[in-house]
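Only one structure is covered here, and it is reproduced in the block below.
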Amino acid sequence: MEIMEAKQAFLQAFGANAEDLFTAAGRINVIGEHVDYCGGKVFPAALNLRCNVYGRKTGGDTVKLAFKGIDGVVELNLNALESYRALKIGNYQAGVALEIQKTGVKLVGCELYYDCTVPFGGGLSSSAAIEVATAIALYTYAGAPYDKVEVAKLAQKAENEYAGVNCGIMDQFASAMGKKEHAVLLDCSTLAYEYVPLRLGDYALVVANCNKPHSLVESKYNVRRQEVEIALKTLQEVKNISCLAELSPKDFAEVKHLLSGVIAKRAEHVVMECDRVNKAVEALKAGDIEGLGRLLNESHYSLRDLYEVTGKELDTLSALARKETDCLGSRMIGGGFGGCTISIVKKSAVEGFIRRVGAAYAEAIGYKASFYETSIEDGITVSKL
Ligand code: GLA
Numbered sequence: 416m417e418i419m420e421a422k423q424a425f426l427q428a429f430g431a432n433a434e435d436l437f438t439a440a441g442r443i444n445v446i447g448e449h450v451d452y453c454g455g456k457v458f459p460a461a462l463n464l465r466c467n468v469y470g471r472k473t474g475g476d477t478v479k480l481a482f483k484g485i486d487g488v489v490e491l492n493l494n495a496l497e498s499y500r501a502l503k504i505g506n507y508q509a510g511v512a513l514e515i516q517k518t519g520v521k522l523v524g525c526e527l528y529y530d531c532t533v534p535f536g537g538g539l540s541s542s543a544a545i546e547v548a549t550a551i552a553l554y555t556y557a558g559a560p561y562d563k564v565e566v567a568k569l570a571q572k573a574e575n576e577y578a579g580v581n582c583g584i585m586d587q588f589a590s591a592m593g594k595k596e597h598a599v600l601l602d603c604s605t606l607a608y609e610y611v612p613l614r615l616g617d618y619a620l621v622v623a624n625c626n627k628p629h630s631l632v633e634s635k636y637n638v639r640r641q642e643v644e645i646a647l648k649t650l651q652e653v654k655n656i657s658c659l660a661e662l663s664p665k666d667f668a669e670v671k672h673l674l675s676g677v678i679a680k681r682a683e684h685v686v687m688e689c690d691r692v693n694k695a696v697e698a699l700k701a702g703d704i705e706g707l708g709r710l711l712n713e714s715h716y717s718l719r720d721l722y723e724v725t726g727k728e729l730d731t732l733s734a735l736a737r738k739e740t741d742c743l744g745s746r747m748i749g750g751g752f753g754g755c756t757i758s759i760v761k762k763s764a765v766e767g768f769i770r771r772v773g774a775a776y777a778e779a780i781g782y783k784a785s786f787y788e789t790s791i792e793d794g795i796t797v798s799k800l
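Here the numbering used here is used: the first residue of the sequence shown is 416, the next is one more, and so on.
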């Protein structure tokens with residue numbers, strides 16, 4: 416049904432039929448937050464919430480974009496891709512196209528219709544999903560082969576250089592490389608990765624969006640990156656390291672006194688979070704879901720107290736979850752300041768959990784949280800219509 420509607424909308428926008436469907440995933444991150452740009456390991460998984468791009472090759476020099484719920488068509492001239500940075504809609508696409516062009520691929524005009532089911536600004540990486548799905552469409556119509564890991568790297572570059580967000584590789588990697596029913600244990604310093612079955616037994620992962628209005632989310636993401644850079648530079652004077660993730664908790668305890676104030680707190684979060692990722696993967700592999708839940712809680716506390724990227728909405732939502740007897744752990748995911756939490760909840764208790772946490776959250780914050788029905792799926796899909 417959704418596909419039928421999208422095909423109809425494509426026809427209406429462009430006067431021709433869509434021929435292909437490219438999709439890339441939004442993601443959760445089980446654990447390993449704000450460590451990807453410090454060379455740490457992360458543990459994301461691709462979702463059923465996705466950026467769906469319906470496409471048709473037209474030839475020529477124009478990429479035409481249309482979007483579900485938005486009137487009109489945005490046109491990108493392939494010879495002027497530098498000029499779309501200020502676009503509110505279409506800038507990610509232009510950034511990705513520009514990066515592909517820089518690799519020497521000759522892009523070809525096409526029409527693309529976007530139906531993105533990843534909530535925007537929800538901490539589930541809608542931007543990465545848009546970038547990755549767009550890249551796949553553009554490569555396909557250019558008749559150029561692509562490697563999914565390279566696509567993730569290129570999409571990250573587009574976000575860094577075109578959209579101005581100095582993000583790490585986690586989101587784009589998960590969006591491109593995710594695997595059904597698995598989380599991806601990704602070492603962000605080498606891009607070595609391992610798929611680990613996300614088997615939670617009688618438990619489910621519940622994804623909740625705190626719905627903090629986007630206009631109020633004051634993201635200090637780039638500031639955090641600068642703070643950990645300062646920590647790294649200082650510690651490199653005494654330690655032979657290339658990234659903070661190389662420090663064990665014991666190493667860090669020896670040199671922590673060289674850092675002060677927020678810089679010390681930020682570095683401590685990174686080191687301890689990297690340690691938690693290893694422990695979480697061990698717990699999951701051993702079927703110790705309670706242990707995993709405790710680590711999720713610790714991750715949240717560290718993001719709240721040391722990294723300071725949570726805020727009252729995410730703190731309230733995760734604290735309410737933790738109060739539930741059938742919840743083993745809960746934490747914010749993604750960049751923070753707004754967006755989503757994940758909670759490990761007994762399958763049989765999910766309905767009541769959503770009802771009670773939802774009501775208490777609305778009471779405390781003044782507006783509702785959203786709860787999503789999620790499943791873990793493949794990253795990229797490509798199909799003929
Ligand atoms: C955002 C960024 C990622 C990562 C997370 C925090 O989602 O895009 O690269 O840094 O925040 O873990």
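Cβ coordinates follow ideal geometry from the N, Cα and C atoms, glycine included.
Using a Cβ-Cβ cutoff of less than 7 Å, which residues in the same chain neighbour residue i once the five nearest sequence positions on both sides are dropped?
i      : result
Glu448 : Glu688, Ser714, Leu718, Ile748
Asp617 : Lys761, Lys762
Ile704 : Leu615, Gly616, Tyr618, Leu743, Ile759
Gly583 : Asp451, Tyr452, Cys603
Asn492 : Asp476, Thr477
With distances taken from CA atoms, which of the options is nearest residue i?
i      : options                        : result
Val457 : Gln587, Leu615, Tyr636         : Gln587
Asn506 : Thr518, Tyr469, Thr549         : Thr549
Tyr787 : Val445, Leu650, Val533         : Val533
Lys635 : Tyr722, Leu743, Tyr608         : Tyr722
Gly579 : Ala460, Val611, Arg640, Tyr608 : Arg640
Gly708 : Thr756, Thr473, Leu426         : Thr756
Ser657 : Glu683, Ala646, Lys422         : Ala646
Leu604 : Tyr452, Thr789, Pro628, Tyr776 : The residue you asked about is not Leu; residue 604 is Ser in the sequence shown. When each option's Cα is compared against that of Ser604, the closest is Tyr452.
Leu600 : Gly753, Ile769, Val450         : Val450
Leu662 : Glu490, Gly455, Lys479, Arg770 : Gly455
Ser541 : Ala784, Val677, Asn575, Leu462 : Leu462
Ala682 : Ala509, Leu613, Ala668, Gly751 : Ala668
Asn637 : Leu569, Ala598, Val724, Asn693 : Val724
Leu729 : Leu502, Pro628, Tyr561         : Pro628
Gly750 : Pro664, Leu699, Glu633         : Glu633
Glu385 : Ala623, Lys594, Val621         : It is not possible to answer for residue 385, since the shown part of the chain is limited to 416 through 800.
Ala784 : Val621, Gly706, Leu480, Glu642 : Val621
Val520 : Tyr528, Gly558, Ala775         : Gly558
Leu800 : Phe425, Asp435, Gln427, Leu426 : Asp435
Ile443 : Ala598, Ala433, Leu527         : Ala598
His684 : Glu766, Pro664, Ala695, Asn693 : Pro664
Exposed or buried, what is residue i when buried is set at 16 or more other beta-carbons lying within 10 Å of its beta-carbon?
i      : result
Thr806 : Limits of the chain in this structure are 416 at one end and 800 at the other, which puts residue 806 out of reach.
Glu778 : exposed
Tyr782 : exposed
Val445 : buried
Ile504 : exposed
Asp530 : buried
Thr740 : exposed
Ala701 : exposed
Gln651 : exposed
Ile485 : exposed
Gly474 : exposed
Pro459 : buried
Ser790 : exposed
Val653 : exposed
Ala619 : buried
Glu697 : exposed
Gln423 : exposed
Met419 : exposed
Glu417 : exposed
For residue i, I'd like the list of residues in its chain whose CB is within less than 8 Å of its CB, leaving aside the five on either flank, ordered along the chain.
i      : result
Val564 : Phe588, Ala591, Met592, Leu606
Glu497 : Leu513
Asp793 : Ala440, Ala461, Gly593, Lys594, Lys595
Ala679 : Ala646, Lys671
Name the DSSP beta bridge partners of residue i, please?
i      : result
Pro628 : According to DSSP, which records beta bridges pairwise, Pro628 is partnered with nothing at all.
Gly620 : For clarity, residue 620 is Leu in the given sequence; the question names Gly instead. Ile759.
Ile446 : In the DSSP output, where bridge partners are listed per residue, Ile446 has none listed.
Val611 : Ala598
Val797 : Phe437
Gly744 : Ile759
Pro459 : Asn444
Val653 : Paired residue(s): none; Val653 is not in a bridge.
Lys472 : Cys525
Phe429 : Its beta-bridge partners do not exist; DSSP assigns none.
Ser785 : Asn624
Between which residues of its own chain and residue i is the CB-CB distance below 6 Å, once the five residues before and five after are set aside?
i      : result
Thr796 : Thr438
Gly515 : The question names Gly, yet the displayed sequence has Ile at residue 515. So the list reads Leu553, once near-sequence residues are dropped.
Tyr556 : Lys472, Val523, Cys525
Ala754 : Note that residue 754 is Gly in the sequence shown here, rather than Ala. These residues qualify, in order along the chain: Gly537, Gly538.
Glu574 : Val580, Cys582
Report yes or no: is there a C-beta of chain C within less than 7 Å of the C-beta of residue i?
i      : result
Glu514 : This model lacks chain C altogether; it includes just one protein chain.
* Quick one: complete alpha helix (DSSP H) runs, 4+ long, within the stretch 526-601? -> 541-557, 563-576, 585-592
* At 4 residues or longer, and completely inside the stretch 476-528: list those alpha helix (DSSP H) runs for me, N to C. => Taken in chain order, the complete alpha helix (DSSP H) segments of 4 residues or longer contained in the stretch 476-528 are 506-517.
* Kindly provide the ranges of any alpha helix (DSSP H) runs that are 4 or more residues long and lie completely inside the stretch 690-728, ordered along the chain. => Listed in chain order, the complete alpha helix (DSSP H) runs (minimum 4 residues) inside the stretch 690-728 are 704-720.
* To do: Pick out the complete alpha helix (DSSP H) segments inside the stretch 636-687, 4 residues or longer, and give them in chain order.
  => 636-651, 664-670
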